[in-house]
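This note's numbering puts the first residue of the sequence shown at 29, with every later residue one more than the last.
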Amino acid sequence: MPIDFVQVDAFSRTPLYGNPAAVVFGAEEVPGETMQKIAREMNLSETVFILAPTTPDADYRVRIFTPMNELPFAGHPTIAAAHCVLTRYPDKVHAGRLRQECGIGIVPVEVIATETGTLLRMTQGTPSYREASLSHATVAKMLGCSESDLAETPWEVVSTGVPWLIVELSRFEAMARLDPDQSLIAKECKAIRAVGVTAFVERAPTDPIRIRVRTFAPAEGVTEDPVCGSGNGSVAAYIARHKHAGEAKGNYVAEQGIEIGRDGLVHASWERENECLRVKIAGQAAVSASGQLFL
């Protein structure tokens, strides 16, 4: 049975950059066990299956798999799936947005026309925060850096749909020098119930790109995620809490994937409404490959 798929590079308007995701169509009869095997075969950080929704409140449904596990939500597969739905089924767009059903509920995806192309902006889940009881020495060893490379801000497990250990670095040049201990990351993140670690560092105040990010999730079969949507959502929630606590809203641009040749840009924003923080992550996307699976 042939099944169509495409490979979409999310958070980039140029193929072969950003974060690749496989997007699979017409897999309604494919069992979850086989979906997991397909994700392992694709060997990308995530593979997403576009399915019929189970509720009239959604335009389509997705199931998202890493090579190791199914996820309730992930950022760059959401961008990739929305890009494909917009291209294949443009009639599903209502009032400039799509409604994606996934494991965390309905995720709205806004379709925004810009001078450089279409920007897809997702509203992520309500942020949650947990203290991460890890020593400076342990975190430094996890990332393969010196303790002085770690900022004085606290590290926390932050989730807007996927729980990430968020660590801020103290100096920009430390980001490129990271030499992560993948086995230690897997061990410590399992203990604190995080899927992996996302590190970020501030750029110069005058730079239009505010931060650089790197993400490591070895327990999910992903040694380094090129441009991580959920990780960037957690970083945005962290920044809103620790650096802009008294502000109603804010936004910035992040870069990721530079160190591994998969440059991508993430447009992050947040807004507070009645004590509730809402985080949005946006990016562009480009198709780099297409083909068929034979099952």
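We put the beta carbon where it would ideally sit given N, CA and C, even for glycine. These figures come from a predicted structure and were not determined experimentally.
>> Based on DSSP bridge pairs, tell me the residues matched to N279.
In response: Taking the sequence shown and counting its residues from 1, the one referred to as residue 279 is at position 251. DSSP output for N279 lists S297 as bridge partner(s).
> Quick one: what does DSSP say E159 is sitting in, helix, strand or coil?
Replying inline: Translated into positions along the sequence shown, residue 159 becomes position 131. Three-state result, E159: strand.
> Residues bridged to D253 by DSSP?
Replying inline: Along the sequence shown, read from residue 1 onward, the residue named residue 253 stands at position 225. Beta-bridge pairing links D253 to T243.
> Can you tell which of P155, T154, E196 and I267 has its C-alpha closest to the C-alpha of V167?
Replying inline: For the purposes of this step, residue 167 is taken as residue 139 along the sequence shown, with counting starting at 1. Nearest C-alpha to V167: E196.
> Below 8 Å, can you find three or more Cβ-Cβ pairs linking the region 236-253 to the region 91-98?
Replying inline: At 8 Å Cβ cutoff, the stretches touch.
> Hey, N279 and I309: beta-carbon distance below 8 Å or not?
Replying inline: Locating residue 279 in the sequence shown gives position 251, counting from the first residue. Locating residue 309 in the sequence shown gives position 281, counting from the first residue. Not closer than 8 Å, so no.
>> If you follow the alpha helix (DSSP H) that M150 is in, where does it begin and where does it stop?
In response: By one-based count along the sequence shown, residue 150 stands at place 122. Annotation: M150 is outside any alpha helix (DSSP H); the continuous beta strand (DSSP E) that includes it extends over G145 to T151.
> M203: which of E283, S262 and T106 sits nearest, CA to CA?
Replying inline: Residue numbering aside, residue 203 sits at position 175 when the sequence shown is read from its first letter. Of E283, S262 and T106, the residue nearest in Cα terms is E283.
> Who are the Cβ neighbours of C112 in its own chain at under 7 Å, not counting the five residues just before and after it?
Replying inline: Indexing the sequence shown from 1 puts residue 112 at position 84. Counting only Cβ-Cβ distances below 7 Å, and skipping sequence neighbours, we find V34, V36, V51 and I78.
> What does DSSP give as the partner residues of R231 in its beta bridges?
Replying inline: As a position in the sequence shown, residue 231 is number 203, starting the count at 1. In the DSSP output, where bridge partners are listed per residue, R231 has none listed.
>> Nearest by alpha-carbon distance to S73: which of G103, P81, V90 and P59 is it?
In response: As a first step, residue 73 is located in the sequence shown; it is residue number 45 there, counting from the start. S73 has its Cα closest to that of G103, out of G103, P81, V90 and P59.
> Taking one C-beta from the region 255-271 and one from the region 187-201 each time, how about it: are there three or more such pairs within less than 8 Å?
Replying inline: Flag = yes, the region 255-271 and the region 187-201 touch.
>> Per the DSSP calculation, D91 is bridged to which residue(s)?
In response: By one-based count along the sequence shown, residue 91 stands at place 63. In the sequence as presented, Asp is not what sits at residue 91; that position holds Arg. According to DSSP, R91 bridges with F77.
> Between the Cα of H295 and the Cα atoms of N302, R91 and V241, which residue gives the shortest distance?
Replying inline: Translated into the one-based positions of the sequence shown, residue 295 becomes position 267. Minimum Cα distance to H295 is reached at V241.
> Taking the runs of the alpha helix (DSSP H) that are 4 residues or longer, which of them lie wholly in the region 85-134?
Replying inline: Taking only runs of at least 4 residues, the alpha helix (DSSP H) segments lying wholly in the region 85-134 are 103-116.
>> Cutting at 8 Å between CB atoms, please list the residues of its own chain near V90, excluding the five before and the five after it.
In response: Numbered from 1 along the sequence shown, position 62 holds the residue referred to as residue 90. For V90, where only same-chain residues beyond five positions count, the Cβ hits under 8 Å are V76, F77, I78, L79, P105, T106, A109, Q128, E129 and C130.
>> Within a Cβ cutoff of 6 Å, which residues of the same chain sit near T3, ignoring the five residues on either side of it in sequence?
In response: Examination of residue 3 is not possible in this model, given that the chain is present from 29 through 323 alone.
>> Measuring alpha carbon to alpha carbon, tell me which residue in R116, P236, F39 and T142 is nearest D32.
In response: By one-based count along the sequence shown, residue 32 stands at place 4. For D32, the nearest C-alpha among the options comes from R116.
> Would you report the Cα separation of C217 and L193, rounded to the nearest angstrom?
Replying inline: As a first step, residue 217 is located in the sequence shown; it is residue number 189 there, counting from the start. As a first step, residue 193 is located in the sequence shown; it is residue number 165 there, counting from the start. The alpha-carbon atoms of C217 and L193 are separated by roughly 7 Å.
> With distances taken between CB atoms, is the gap from I132 to P100 smaller than 8 Å?
Replying inline: As a working mapping, residue 132 is identified with position 104 in the sequence shown. As a working mapping, residue 100 is identified with position 72 in the sequence shown. Taking 8 Å as the Cβ cut-off, I132 and P100 qualify as a contacting pair.
>> Suppose you measure from the CA of G274 to the CA of V263; what does that come to, to the nearest Å?
In response: Start at 1 with the first residue of the sequence shown, and residue 274 comes out as number 246. Start at 1 with the first residue of the sequence shown, and residue 263 comes out as number 235. Rounded to whole angstroms, the gap between the alpha carbons of G274 and V263 is 17 Å.
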